[in-house]
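Heads up, the thing below is written out as structure tokens.
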Amino acid sequence: SFCTLLAPPACTYIPPTTAEEMAGVTIEEATRTDGFTFEFDAARPFAALTSDKEVVDSLSKWGLPPTALLGQHYRCDTFFRRGMADEFILALFNDPSFAANFRVSDGKGGLRPWSPHAKVRSVKVTPVRATLTSLDVFDAFDAPGIVRESGHIARCMDIYLPGGVTVANLLRAYFLVDPEEWPEQLLDLDGPDDVIPAETRDELLVRLMKAAVAGGALCQWDDEFEPYKDAVRALYKDLVVVGKRVAEAHDSGDVEGDGNASANNGPQLEVQSLVYQVHAAEFADGMEVPLFPRNDAGDASNYMYVAIHPHRRTLSVLYHGFASPF
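Right, here's the structure in full:
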């Protein structure tokens, strides 16, 4: 199953930082940035962009080849605690290893070194929900007929968006088209919430599906839904850490005190990574870091996610910048 594939062997649950733990951390320790040191992990490429040939082929077909979609892992020799995301990611941008290995879109469908000319003084970062451990959320596309029982994605009349983006099926329409301009097959819906609630659409897993469906430059979309699920599963596994957490036993009144949890309190899977989206960054001289050179029509194709794995002292980055020949 999807859950089994995500779970690493013998992964220990690390609970969130508590107030008691923070009480032993000085303000200087909790806010410092100079102490963060990162190291690019060249030995751990994203499987979705290297070894998983079917996924690589699908992503490339959608305009997201390894030469345009960037996935990287880094090690960090310093702890990370909740509430430190801005400082942590700012330190990442100013780290020599990141500066030497990170790439940005060249605006033409490829990647180029970002070559920082000055220190980065600020980053705009927001947290991203990452709690899902199953692809079941995408079953919601069945009821409105977006995905047929056969797995085929329902087609619609072509809709043309800025930047040379064409929408020719209901899945792309759902994610990319303003609901007020949806094709007639979706007009019975009151909006996106009728399919997937807003809170769930904010989940990283659903964001990755939107990114895959949007694709990149010269996207050749698929007519079947399965390749999208396979690609999203692979990217999610590369980006976040999922492990087993043994739920605490609850006193139900019929336990004799033998210390055994009930069947309902067995091992459960959960995402143990903290995920953030980087929207923008600025150099000390006021110039904007060129993360997304084309932002005129590519919101769905402009993204940078940083997934931090505190108990492993590692982080993962997924980046893509919109490009179009138009």
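1 is the number of the first residue of the sequence shown in our numbering; add one for each residue after it. Where is the CB? At the ideal position from N, CA and C, for every residue including glycine.
Separation of residue j from residue i, as counted between CA atoms
i: Pro144; j: Thr126; result: 31 Å
i: Val206; j: Val271; result: 14 Å
i: Ser316; j: Leu239; result: 6 Å
i: Val275; j: Tyr305; result: 7 Å
i: Arg129; j: Ser273; result: 10 Å
i: Asp142; j: Glu87; result: 42 Å
i: Glu180; j: His152; result: 25 Å
i: Gly24; j: Arg82; result: Because Gly24 carries a pLDDT of 36, less than 50, the predicted location of this residue cannot be relied on, and the following value inherits that uncertainty. Their backbone Cα atoms lie some 15 Å apart in a straight line.
i: Gly330; j: Pro325; result: The first residue shown for the chain is 1 and the last is 326, placing residue 330 beyond what the model contains.
i: Arg75; j: Arg155; result: 44 Å
i: Pro290; j: Gly63; result: 20 Å
i: Pro45; j: Leu92; result: 19 Å
i: Thr133; j: Leu269; result: 7 Å
i: Leu90; j: Arg103; result: 16 Å
i: Asp285; j: Met157; result: 48 Å
i: Met84; j: Ala118; result: 23 Å
i: Trp182; j: Asp299; result: 18 Å
i: Arg112; j: Ser105; result: 6 Å
i: Gly341; j: Val123; result: Outside the displayed span of the chain (1 to 326) sits residue 341, for which this structure offers no information.
i: Ala99; j: Arg148; result: 46 Å
i: Val242; j: Arg312; result: 12 Å
i: Ala140; j: Ser150; result: 15 Å
i: Asp41; j: Thr314; result: 9 Å
i: Phe138; j: Ala47; result: 23 Å
i: Ser51; j: His73; result: 16 Å
i: Ala68; j: Asp193; result: 31 Å
i: Asp178; j: Arg294; result: 20 Å
Candidates the options, of which the one nearest residue i by Cα
i: Asn302; options: Pro310, Ala280, Asn101; result: Ala280
i: Phe80; options: Val206, Trp114, Ala307; result: Ala307
i: Leu135; options: Val177, Arg201, Gln72; result: Arg201
i: Phe283; options: Gly151, Ser115, Val177, Tyr228; result: Ser115
i: Phe292; options: Gly110, Pro96, Phe138, Val55; result: Gly110
i: Asp95; options: Phe38, Ala211, Ala217; result: Phe38
i: Ile159; options: Val213, Leu176, Arg313; result: Leu176
i: Tyr174; options: Leu49, Ile196, Arg44, Ser122; result: Ile196
i: Gly71; options: Asn101, Phe93, Thr78; result: Asn101
i: Ala323; options: Pro162, Val137, Pro192; result: Pro162
i: Val232; options: Lys244, Arg245, Ala214, Gly243; result: Ala214
i: Ala234; options: Lys124, His311, Leu208, Gly243; result: Leu208
i: Val120; options: Leu318, Glu288, Asp194; result: Glu288
i: Pro310; options: Thr78, Thr67, Asp52; result: Thr78
i: Tyr319; options: Phe138, Leu49, Asp41, Ile146; result: Leu49
i: Ala211; options: Gly321, Ser51, Arg294; result: Gly321
i: Ala217; options: Phe36, Pro65, Gly35; result: Pro65
i: Lys53; options: Arg294, Gln277, Asp230; result: Asp230
i: Val204; options: Pro192, Asp194, Asp178, Lys237; result: The amino acid at residue 204 is misidentified as Val; the sequence shows Leu. Residue Lys237 is the option with its Cα nearest to Leu204.
i: Thr131; options: Glu184, Gly35, Arg245; result: Arg245
Backbone secondary structure at residue i - three-state DSSP
i: Gln72; result: strand
i: Leu132; result: coil
i: Pro96; result: helix
i: Thr50; result: coil
i: Ile146; result: coil
i: Lys108; result: coil
i: Arg201; result: helix
i: Val289; result: coil
i: Leu269; result: strand
i: Gly243; result: strand
i: Val167; result: strand
i: Arg207; result: helix
i: Pro116; result: coil
i: Ala261; result: Here the model assigns Ala261 a pLDDT of 38, short of 50, so the residue's position is not dependable and the matter cannot be decided.
Host beta strand (DSSP E) of residue i (start-end)
i: Pro127; result: 120 to 128
i: Met157; result: 155 to 161
i: Met304; result: 303 to 309
i: Glu282; result: 274 to 283
i: Leu315; result: 314 to 320
i: Phe387; result: The requested residue 387 does not occur in the structure, where the chain is confined to residues 1 to 326.
Residue range of the unbroken alpha helix (DSSP H) whose run includes residue i
i: Ala173; result: 170 to 176
i: Leu239; result: 226 to 239
8 Å Cβ cutoff, residue i in contact with chain B
i: Val271; result: You won't find chain B in this structure, because it holds only one protein chain.
Should the stretch 155 to 173 be called in touch with the stretch 219 to 227, which here means at least 3 C-beta pairs below 8 Å?
Touching, yes, given that three or more Cβ pairs across the two stretches are closer than 8 Å.
Would you call the stretch 51 to 62 and the stretch 187 to 203 in contact, with 3 or more CB pairs under 8 Å?
At 8 Å Cβ cutoff, the stretches do not touch.
Would you call the stretch 172 to 191 and the stretch 226 to 243 in contact, with 3 or more CB pairs under 8 Å?
Under the three-pair Cβ rule at 8 Å, the stretch 172 to 191 does not count as touching the stretch 226 to 243.
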